[in-house]
Each structure stands twice: as structure tokens, then as C-alpha cells.
Amino acid sequence: EAQVTQNPRYLITVTGKKLTVTCSQNMNHEYMSWYRQDPGLGLRQIYYSMNVEVTDKGDVPEGYKVSRKEKRNFPLILESPSPNQTSLYFCASLRGGELFFGEGSRLTVL
Amino acid sequence: AQSVTQLDSQVPVFEEAPVELRCNYSSSVSVYLFWYVQYPNQGLQLLLKYLSGSTLVKGINGFEAEFNKSQTSFHLRKPSVHISDTAEYFCAVSEGGYNKLIFGAGTRLAVHP
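Protein sequence lines correspond, in order, to chains A and B. For the first sequence, the numbering used here assigns the number 134 to the initial residue and increments by one for each residue that follows. For the second sequence, the numbering used here assigns the number 1245 to the initial residue and increments by one for each residue that follows.
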């Protein structure tokens, strides 16, 4: 089954404790992206990747890092999480004008 | 810079009634337009998209949208809604490429029996 898989789905952490949200897709898509969803703001792009070793900032990249060492994986790294990064995060891959989304990772930073 | 405005944050409607969810965008160039749906506790999935050609676009689950270039709008419609259509709907726009997809704030459609 074609899918985008994110882990963890839910996470509560504390300020400053590094964490990684993993994202994997099995559709061989070149393009992948991370979004955060906040009430009243819709989805905002954090980072995207056009292919392996090619990444670029989206609209809200501050406080995040990404890497793309393999085509299928695109992890999102929060080196020192802060409460304003409490949000619902979505990974997506793209083909033919259609974004395929993971089920989301709800992160709470205390 | 592009922006997307979804004019209604919430739309309550009775089952089997028609519905229109409004979306306006700002862009001076050709755009690609999308509607996504998010069911509770799920990711987003594509309802329909306009890339070029006919301005009336049909999507899944009986939804359709019309691209109006002069009014820079891409309103989503369904002639008769079901309880199962209760979800949040997002309009999105891209200026000729997919890496910079800008989403609206979303419209929560609540269908009541």
C-alpha cells in the first residue's frame, strides 16, 4: 500500500530535549516536505526536499533541521524544542501535482 | 507574495443541503489550485486540482470547484452533502511549481442530520 509513515504519532517532551520525527514514503517520490498545522493558520511549510541531499527552507524553518540521505526518508529534527513548537506536524511526498500526507505527529513541548 | 483566503472558518449545514466553501487567492501569475480534505485525526487528502484547461473541475466524493481567473476565486461546491462530509477543507495555491504550496486557514464543514 502506498503510504507516508510518520513516527511518533504523539509525543510530549520538555523544552530543550532534542527530538526527531521520522518520515518514510514507499512511493519512490523525489519531493518531500514538512508542514506544521496550527489553528487558524492552516498548514505552513517548514522545509522541503527536491531529492536526495537537496533541501531548502519553507516559510517557517526556524528551530528545525532536516536531512535527506535516502530517497524514502526525510526526518525532522528539533535540536532544542521550545513551547512555540507545540503543533501538529505533517510529512508529505509529491507526485503529479498531488501531495500524499502522513497521518500527522502531535507534538507538545512543555 | 501569494496568499489564500478562505472566507468562512466554519460552515454548518443540514444533510442533503447544497454547500459552497469559498476560496480567494492573490497572485499575478498563472497558478495551480487545490482543495484538500482532512477528516478527524487524519492527514490531508486531495479532493481536486486545477492545473489548466476547463475551469470546472470535478473531484472525489461528488465535489467540484470552479476556477474564476477574473475574481481570483476557486470555490468548492457540492449539491447535496452527507454526514460523512464533516471535515476540515483546505484550499491551496501554487505559482507554477509544487514546492511552494500555500494553504488557506481551513474551513470546518459540519453536516447536521
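Glycine included, each C-beta is placed from N, C-alpha and C at the ideal position.
List, in chain order, every chain A residue whose beta-carbon is nearer than 7 Å to that of residue i.
i, result
"glycine 1350(B)", "Gly175"
"tyrosine 1269(B)", "By Cβ distance, chain A contributes nothing, its closest Cβ being about 13 Å from tyrosine 1269(B), past 7 Å."
Examine chain B for any beta-carbon lying closer than 7 Å to the beta-carbon of residue i, and answer yes or no.
i, result
"glutamate 212(A)", "no"
Is there a Cβ from chain A that is less than 7 Å from the Cβ of residue i?
i, result
"lysine 1293(B)", "yes"
"leucine 1290(B)", "yes"
"phenylalanine 1311(B)", "no"
"phenylalanine 1318(B)", "no"
"phenylalanine 1347(B)", "yes"
For residue i, go through chain B and note every residue whose CB falls closer than 7 Å to its CB, in chain order.
i, result
"phenylalanine 207(A)", "Going along chain B, no residue has its Cβ under 7 Å from phenylalanine 207(A), so there is no contact; the nearest lies around 13 Å."
Would you kindly work out how many angstroms separate the C-alpha atoms of residue i and residue j, rounded to a whole number?
i, j, result
"cysteine 224(A)", "valine 1273(B)", "28 Å"
"tyrosine 164(A)", "proline 1284(B)", "26 Å"
"glutamine 139(A)", "arginine 205(A)", "12 Å"
"arginine 1266(B)", "phenylalanine 1318(B)", "7 Å"
"tryptophan 167(A)", "phenylalanine 1311(B)", "27 Å"
"methionine 183(A)", "lysine 151(A)", "26 Å"
"glycine 1306(B)", "leucine 1295(B)", "19 Å"
"glycine 235(A)", "leucine 1290(B)", "13 Å"
"tyrosine 196(A)", "isoleucine 210(A)", "It should be pointed out that residue 196(A) corresponds to glycine in this sequence rather than to tyrosine. Going by the C-alpha atoms only, they are around 9 Å apart."
"glutamate 203(A)", "valine 147(A)", "29 Å"
Within a Cβ cutoff of 6 Å, which residues of the same chain sit near residue i, ignoring the five residues on either side of it in sequence?
i, result
"alanine 1354(B)", "Pro1256 and Thr1330"
"glutamate 1332(B)", "Gln1282, Gly1350 and Arg1352"
Can you tell which of the options has the C-alpha that lies nearest to the C-alpha of residue i?
i, options, result
"serine 226(A)", "Glu212(A), Asp189(A) and Ser157(A)", "Ser157(A)"
"serine 1271(B)", "Leu1251(B), Glu1264(B), Pro1323(B) and Ser1314(B)", "Ser1314(B)"
"threonine 1249(B)", "Lys1322(B), Ala1336(B) and Pro1357(B)", "Ala1336(B)"
"leucine 1345(B)", "Ile179(A), Glu212(A) and Gly235(A)", "Ile179(A)"
"arginine 1321(B)", "Ile1327(B), Lys1302(B) and Glu1339(B)", "Lys1302(B)"
Against residue i, what residues of chain A qualify as contacts under a CB-to-CB distance less than 9 Å, listed in chain order?
i, result
"glutamine 1286(B)", "Phe234, Glu236 and Gly237"
"leucine 1265(B)", "The contacting residues do not exist; leucine 1265(B) stays about 13 Å from chain A at best."
"tyrosine 1333(B)", "Here the premise fails: no neighbours, minimum Cβ distance about 11 Å."
"tyrosine 1276(B)", "Gly230"
Who are the neighbours of residue i on chain B, taking C-beta pairs under 8 Å?
i, result
"glutamate 231(A)", "Leu1290 and Lys1293"
Output, in chain order, the set of chain A residues within a Cβ distance shorter than 8 Å of residue i.
i, result
"phenylalanine 1307(B)", "Chain A residues near phenylalanine 1307(B): none, gap ~15 Å exceeds 8 Å."
Grab me the residues of residue i's own chain with a C-beta within less than 8 Å of its C-beta, minus the 5 sequence neighbours each way, in chain order.
i, result
"threonine 219(A)", "Leu240, Thr241 and Val242"
"valine 187(A)", "Arg201"
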